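Enquirer:
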Amino acid sequence: MENLLAVEGLKKYFKTPRGTLHAVDDVSFTIEEGKTLGIVGESGCGKSTLGRTIVQLLDPTEGKILFEGQDVTHLKSKDMREYRSKSQMIFQDPFSSLNPRMTVFEDIAEPLKNGGMHMDSREIRNRVEELMDTVGLALRFSDSYPHELDGGRRQRIGIARALALNPKFIVCDEPVSALDVSIQAQILNLMMDLQDSKRISYMFITHNLSVVKHISDDIGVMYLGKIVEKCEKKELFKRQYHPYTQALLSAIPTINIDQLHKRIILKGEITSPIDPKPGCRFASRCLYADERCFSEEPELKEYAPNHFVACHHAGNYNN
Amino acid sequence: MNNSVNEKQLIIEDLKIDYKTDDQTVHAVTGLSISMEKGECLGLVGETGAGKTTTALAILRLLPKPQGRILSGSIIFNGIDLQAIGDAAMREIRGKCISMIFQDPMTSLNPILPVGEQISEVIRLHEKCSKKKAMEKAVQMMEMVGIPGDRSDEYPHQFSGGMKQRIVIAIALACSPELLIADEPTTALDVTIQAQILEMMRNLKRDMGTSTILITHDLGVVAEMCDHVAIVYAGCIMEYGTLADIYKNPLHPYTIGLFGSIPDLNSDVNRLKPIPGMVPDPAKLPPGCPFENRCDRKKEICKNVKPELKTIDGIHSVRCHCLEENV
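Chains A and B are the protein sequences, given in the same order. The working numbering runs 953 ahead of the 1-based position in the first sequence. The working numbering runs 64 ahead of the 1-based position in the second sequence.
1) If you draw a straight line from the alpha carbon of B/CYS290 to that of B/LEU307, how long is it in whole angstroms?
2) How about A/ASP918: is its C-beta nearer than 8 Å to some C-beta of chain B?
3) Would you call the segment 323-334 of chain B and the segment 91-99 of chain B touching, i.e. three or more CB-CB distances under 8 Å?
4) Quick one: list the residues of chain A neighbouring B/ARG335, beta-carbon separation under 7 Å, in chain order.
5) Assign A/ILE1112 to one of three DSSP states: helix, strand, or coil.
6) For B/ALA298, which option in B/ALA259, B/ARG383, B/ARG335 and B/THR250 has the closest C-alpha, if you only look at C-alpha atoms?
7) For chain A, find out if any of its Cβ atoms is closer than 8 Å to the Cβ of B/ASP377; answer yes or no.
8) Which bits of chain B does A/LEU1189 rub up against, with CB to CB less than 8 Å?
9) Taking 8 Å as the cut-off, decide whether the C-beta atoms of A/SER1154 and A/LEU958 are in contact.
10) Taking DSSP as the reference, what is the three-state secondary structure of B/ASP309?
11) May I ask you to check if the CB of B/PRO354 is nearer than 7 Å to at least one heavy atom of the ligand HEM?
12) Is it right to say A/ILE1173 is buried, meaning 16 or more other beta carbons lie within 10 angstroms of its own, or is it exposed?
13) Within 10 Å of its beta-carbon, does B/PRO314 have 16 or more other beta-carbons around it, so buried, or fewer, so exposed?
14) Compare the C-alpha of B/ARG215 against each of B/ASN334, B/PRO178, B/ILE123 and B/LEU278 and name the closest.
15) Along the alpha helix (DSSP H) that carries A/LYS1001, what are the first and last residues, could you check?
16) Identify whether A/LYS1166 lies in helix, strand or coil by the three-state DSSP scheme.
17) Which class does A/ASN1272 belong to by DSSP, given the choice of helix, strand or coil?
18) Can you tell me whether A/THR1198 is buried or exposed, with buried defined as 16 or more other CB within 10 angstroms of its CB?
19) Does any residue of chain B bring its CB to less than 8 Å from the CB of A/ASN1272?
20) When you check each C-beta in the segment 273-304 of chain B against every C-beta of chain A, which residues fall closer than 7 Å?
21) Where A/ASN1273 and B/LEU262 are concerned, what is the direct C-alpha to C-alpha distance, given to the nearest angstrom?
22) Identify whether A/ARG1080 lies in helix, strand or coil by the three-state DSSP scheme.
23) Could you check how far apart the C-beta atoms of A/GLU1182 and A/VAL1262 are, in whole angstroms? I think they sit under 8 Å.
24) Identify, in the order they occur along the chain, each residue of the same chain with its Cβ nearer than 8 Å to the Cβ of A/SER1100, setting aside the five sequence neighbours on each side.
25) Does the beta-carbon of A/LYS968 have 16 or more other beta-carbons within 10 angstroms, so that it is buried, or is it exposed?
26) What did DSSP end up calling B/TYR304 once you bin it into helix, strand or coil?
27) By the three-class DSSP mapping on this structure, what secondary structure does B/ILE257 have?
28) Using a threshold of 8 Å, state whether the C-beta atoms of B/ILE257 and A/GLU1076 are closer than that.
29) So, with DSSP's three-state summary, where would you put B/VAL209?
30) Ignoring anything shorter than 4 residues, give me the alpha helix (DSSP H) runs that lie fully in the segment 967-1044 of chain A, in order along the chain.
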């Protein structure tokens, strides 16, 4: 199948008073049409920055973003507008990502008015009602303000806004993290149904591994700005080559009380992404690190078919 | 007081709490009963607005005044009625016998006091000892929760989220409380840090014999930590039992729905089975079962009569009309 999106050597650095912050450092991946790439990692690993850079809310420091074969990093404003209508974003916090002074109707109509669709007011009303129906919002809420609605309904507004211009690609940045489990399941089902009916590709950013396992086709694990392991979903949960992925997966509390497994408890915390030292970024917390890990940075290599790992010792210790 | 009451460490009976605002009355807790033995870890599980935190605040008498009011019910801790004693006596208990870990470590520390001082403050208040001695103990506490003692004169902003939560835990445990109330202690943290904190809490419970009430919405965390579980919905307990009762044999439709909503890492399901609808507005609770509008097994009686919490087997009890005939 054809790649909808290809990211090549993407870097995003921020200048800070204490040095250069390497938020996203040389990340490459592809997403096929109608598929979902899950990006997992802990806070501060650069996953949100990666998402924002791809939808061009941030300019990359280096690297290419090919969308339908075209590099979108240096588009002129007219082409950029078109790209923006094809690639949308759903934000984490439905409490702060909506304008408190706009009604549900105005919120959903806004992208239709600004997206260059040239619709008259009746067309806009029809389209907004259609969108509200798609995401499961009752029409009686169209004149409500966000503060009158609960988190699940607010997130549905965010999804309706993202869908308004018929995008092909949506970056979902922790879309269900702020919601209760029963509502979370409703939203996940909705997003999967939309993918089936409209063939949208998702990049699904989350720290919740159970959610990412549920919704993704492929999964990339990020640590300090780098993808350290990437493969098909089932493969990742069957065997992990990177010690960080192993620790991350073992740390998830499971609801299966007969299977309380041995945890790998990592020492310490994520190190600073400002002017990182040479070598593997995980080395200081890694159980298997040796001298080489502290001096030479491992590359993302294919260890098994379609299973990429960035570790000098991948496969050399017992899994 | 009779003996059977004294064996229990904490007994809450038929607790009802309202929050009164200018234009409405919110029924946050609507008849909640708990009893806990010494050394037990009880998980209070429920969604936002279920009344979990309100119950915890009521135990410590920290309900916001004047909005929060206990309408009825009793809270008995070690044979003492916590509502009957005076403020000074309550201050003695708070922090020394019962202490609480709040959800958000970022806001529960004082930003302009060094962390060592925040820990030693509790010790000085409850144990008559010198400033120097208290500081020594504070440093010990920091070491115990895994933070180097020489960082005691640093300020909260110099620590990461996981470390701040460790400091909050150190404050809570400084006077070796008999009961620890942990309100979503790891919700704001990453999974690898969460695993560290949970491991630490388990060890502390083992070494110090502290009883714990763990408030959370994460059924995975409960599975790892708790002996008993109470599923809370709209201010009352819907199902209560041992870990095995709830996880292997959930009976209440809400409990079953909760388990259906979670993507499980060990099995592959294509679609989740969410619970339809929303939690009822706590200001306008229905007269019958609060779960009636979302329940797939509802009957006529559910609409008008609120079911009682009935014991099924051992301590496993369920609040549902539909189970009464089946059992």
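Beta carbons are placed, not taken as given, at the ideal position from N, Cα and C, and that holds for glycine. Small disclaimer: the values here were computed from a predicted structure and weren't measured.
Expert: Working from what's here:
1) Using only the alpha carbons, I get a separation of about 7 Å.
2) This structure cannot speak to residue 918 of chain A, because chain A is shown only from 954 to 1272.
3) Counting C-beta pairs closer than 8 Å gives fewer than three between the segment 323-334 of chain B and the segment 91-99 of chain B, which falls short of the contact rule.
4) What B/ARG335 touches in chain A: ASN1142.
5) Helix.
6) When only C-alpha atoms are compared, the closest one is B/ARG383.
7) The beta-carbon of B/ASP377 is placed no less than 8 Å from the nearest beta-carbon of chain A.
8) For A/LEU1189, none of the residues of chain B pass the 8 Å Cβ criterion, the least Cβ distance being about 11 Å.
9) Yes, the pair counts as a contact, with Cβ atoms nearer than the cut-off.
10) In this structure, DSSP gives B/ASP309 a helical state, which the three-state scheme calls helix.
11) Only the bare structure without any ligand can be found here, which leaves the ligand HEM out of the picture.
12) Before going on, a small fix: residue 1173 of chain A reads as Gly here, not Ile. Flag for A/GLY1173 reads buried.
13) Buried: at least 16 other Cβ atoms inside 10 Å.
14) Here the closest residue by C-alpha is B/PRO178.
15) A quick correction: the sequence has Ser, not Lys, at residue 1001 of chain A. Looking at the DSSP string, the run of the alpha helix (DSSP H) that includes A/SER1001 is 1000-1007.
16) Correct three-state label for A/LYS1166: helix.
17) The predicted model places A/ASN1272 with a pLDDT of 45, which falls under 50 and marks its position as unreliable, so this point remains unresolved.
18) By the 10 Å Cβ count, A/THR1198 comes out buried.
19) Confidence in A/ASN1272 is poor, its pLDDT being 45 and thus under 50, which makes the residue's placement unreliable; the coordinate value appears in the next sentence. Answer no: the Cβ-Cβ gap between A/ASN1272 and chain B never drops below 8 Å.
20) Those would be HIS281, ASP282, LEU283, GLY284, VAL285, ALA287 and GLU288, in chain order.
21) Only positions 954 to 1272 of chain A appear in this structure, which leaves residue 1273 of chain A out of reach.
22) In the structure shown, the three-state DSSP call for A/ARG1080 is helix.
23) With 8 Å as the limit, A/GLU1182 and A/VAL1262 qualify as a contact, their Cβ atoms being about 5 Å apart.
24) Correcting the residue identity first, residue 1100 of chain A is His in this sequence and not Ser. Excluding positions up to five away in sequence, the list reads PRO1053.
25) Around the C-beta of A/LYS968, fewer than 16 other C-beta atoms lie within 10 Å, and the residue is accordingly described as exposed.
26) Three-state DSSP puts B/TYR304 in a strand.
27) Collapsing the DSSP output to three states places B/ILE257 in a helix.
28) The Cβ atoms of B/ILE257 and A/GLU1076 lie no closer than 8 Å to each other.
29) Coil at B/VAL209, not helix or strand.
30) At a cut-off of 4 residues, the continuous stretches assigned as alpha helix (DSSP H) that sit fully inside the segment 967-1044 of chain A are 1000-1007 and 1030-1039.
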